[in-house]
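For the sequence shown, this note's numbering gives the first residue as 3, with consecutive numbering after it.
Even for Gly, the Cβ is constructed at its ideal location relative to N, Cα and C.
Just below is one structure, and these are the notes that go with it.
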Amino acid sequence: MNQARALGASLADVPFSAIFASDLKRAHTTAQALHAAQNQVPPAPLTTSPLLREQHFGIAEGKAWILTQDGSKPLAELYAAGVFPIITKRGGKFPEGESLNDLGRRATQAIDELVMPKVWSAAKAGKKGVQIAVVSHGLCISELIPALLNKDANSPPRQDFRGLMNTAWTRVTVDIPGAKEGEPLEFSDDTPPLSVRVTHVNVHDHIDKIKRQQGGVGSAAHDPAQKDIRAFFGGGSVKDEVKAEEHSESNANDEVDINLED
3 MNQARALGAS LADVPFSAIF ASDLKRAHTT AQALHAAQNQ VPPAPLTTSP
53 LLREQHFGIA EGKAWILTQD GSKPLAELYA AGVFPIITKR GGKFPEGESL
103 NDLGRRATQA IDELVMPKVW SAAKAGKKGV QIAVVSHGLC ISELIPALLN
153 KDANSPPRQD FRGLMNTAWT RVTVDIPGAK EGEPLEFSDD TPPLSVRVTH
203 VNVHDHIDKI KRQQGGVGSA AHDPAQKDIR AFFGGGSVKD EVKAEEHSES
253 NANDEVDINL ED
């Protein structure tokens, strides 16, 4: 929570016109801290969407992962024993879960339904410099950024945006070449071309300033179990009384240096 408050304080003077967030607990809590810290009155509206949830790992959600697979045993047998080798192909997924390709399609839907309407409405109103915030989770963010870059026909080849720190922010600009402040654009289904650029990645100055105690996060007391939090699909071990889907902050593919195959 200290990290979320620090993020909010660092962006308090940014005049967001909208804040979109995952409806899962950790990202939603971060978005609420960002919303509460806004200096503008009234603050930007905060809207939650399931489209911004983290990748769902199905039967592996909240379970420990391993880097290598025992080739002598079929996957079904390993799964039955509670053993979940990391999937290294974008199309691969655990039973009842999402693949990275599935997540990519959901991220594209989120961009189309949440972000692009704001882009087009600003253009039709002749406004430039309109800023929105999207608060999500590690792997989902790593798919949201390419989904937005794909709106630019001249965007570079796909980049890897995995490994982002908790509450770190990445800035992406979306511009219509030739558009000017105060000059509304007229268009319908034939939308104008876009220029999309990533200007900042994984900015975390706000949490670098938080005092840490014996390796603990923020000003919280050190927890010996904390070192194991990244060893689970979905971001951490899941206590019985907590739903697994609320632990979707980080996961194996986001934390381990893995080369993903198509």
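**Prompt:** Going by Cα to Cα distance, which pick from Pro194, Arg160, Asp154 and Val198 is closest to Thr175?
**Reply:** Checking every option, the nearest Cα to that of Thr175 belongs to Val198.
**Prompt:** If you draw a straight line from the C-alpha of Arg107 to the C-alpha of Glu183, how long is it?
**Reply:** As the crow flies, the alpha-carbon of Arg107 is around 33 Å from that of Glu183.
**Request:** State yes or no: is the C-beta of Ala39 within less than 8 Å of the C-beta of Ala14?
**Result:** Cβ atoms of Ala39 and Ala14: closer than 8 Å.
**Coil, strand or helix - Ala20 by DSSP** = Of the three classes helix, strand and coil, the one that applies to Ala20 here is strand, per DSSP.
**Prompt:** Rounded to the nearest angstrom, how far is the Cβ of Gly60 from that of Gly99, given a contact under 8 Å?
**Reply:** Contact flag correct, Cβ pair sits at about 3 Å.
**Nearest residue (CA-CA) to Ile134, options Ser144, Ala149 and Leu116** = Minimum Cα distance to Ile134 is reached at Leu116.
**Request:** May I have the straight-line CA-CA distance separating Phe189 from Lys126, to the nearest angstrom?
**Result:** CA-to-CA, the gap between Phe189 and Lys126 works out to about 8 Å.
**Prompt:** Okay, do the region 135 to 146 and the region 166 to 175 touch, 3+ Cβ pairs below 8 Å being the bar?
**Reply:** Enough Cβ pairs lie closer than 8 Å, so yes.
**Prompt:** At what residues does the beta strand (DSSP E) containing Ile134 begin and finish?
**Reply:** Its beta strand (DSSP E) spans residues Gln133 to Val137.
**Request:** Can you tell me which of the three DSSP states Ala181 falls into?
**Result:** Of the three classes helix, strand and coil, the one that applies to Ala181 here is coil, per DSSP.
**Request:** Helix, strand or coil for Arg107, going by three-state DSSP, please let me know.
**Result:** Under the three-state reduction of DSSP, Arg107 is assigned to helix.
**Prompt:** Which of helix, strand or coil does DSSP assign to Ala2?
**Reply:** Missing from the structure shown is residue 2; the chain here goes from 3 to 264 and no further.
**According to DSSP, residues forming a beta bridge with Leu48** = According to DSSP, residue pairing for Leu48 in a beta bridge involves Ile21.
**Message:** According to DSSP, is Val121 part of a helix, a strand, or is it coil?
**Reply:** Helix, per DSSP.
**Collapsed DSSP secondary structure at Lys130 in the structure displayed** = Of the three classes helix, strand and coil, the one that applies to Lys130 here is coil, per DSSP.
**Request:** Kindly give me the distance between the Cβ atoms of Ala149 and Thr110, rounded to whole angstroms, as I take these residues to be in contact under 8 Å.
**Result:** With a contact defined as Cβ atoms closer than 8 Å, Ala149 and Thr110 qualify at about 4 Å.
**Asked** Is DSSP giving Lys153 helix, strand or coil here?
**Response** Looking at Lys153 - three-state DSSP - the assignment turns out to be coil, as it is neither helix nor strand.
**Prompt:** If you drop the 5 nearest sequence neighbours on each side, which residues of the same chain put their C-beta closer than 8 Å to that of Thr201?
**Reply:** Arg173, Val174 and Thr175.
**Prompt:** Would DSSP call Arg28 helix, strand or coil?
**Reply:** Residue state for Arg28 is assigned as helix, using DSSP reduced to three classes.
**Message:** Can you give me the C-alpha to C-alpha distance between Pro44 and Gln34, rounded to a whole angstrom?
**Reply:** Distance from the CA atom of Pro44 to the CA atom of Gln34, rounded to whole angstroms, is 14 Å.
**Prompt:** Are there 16 or more other CB atoms within 10 angstroms of the CB of Gly10, so buried, or fewer, so exposed?
**Reply:** Gly10 comes out buried.
**First and last residue of the uninterrupted beta strand (DSSP E) at Arg55** = For Arg55, no beta strand (DSSP E) encloses it, and the DSSP letter there is neither H nor E.
**Prompt:** Rounded to a whole number of angstroms, what is the C-alpha to C-alpha distance between His58 and Glu185?
**Reply:** In this structure, the alpha-carbon of His58 lies about 43 Å from that of Glu185.
**Message:** Tell me the DSSP secondary structure of Pro87 in three-state form.
**Reply:** Correct three-state label for Pro87: strand.
**Request:** Output yes or no for whether 8 Å exceeds the beta carbon distance between Gly55 and Leu80.
**Result:** The displayed chain sequence assigns Arg, not Gly, to residue 55. Arg55 is not a Cβ neighbour of Leu80, given a cutoff of 8 Å.
**Rounded C-alpha distance that separates Pro195 from Glu145** = Rounded to the nearest angstrom, the two C-alpha atoms are 21 Å apart.
**Asked** If you draw a straight line from the C-alpha of Asp230 to the C-alpha of Ser24, how long is it?
**Response** Its pLDDT being 39, under 50, Asp230 is placed unreliably in this model, and the value from its coordinates should be taken loosely. For Asp230 and Ser24, the gap between their C-alpha atoms comes out near 24 Å.
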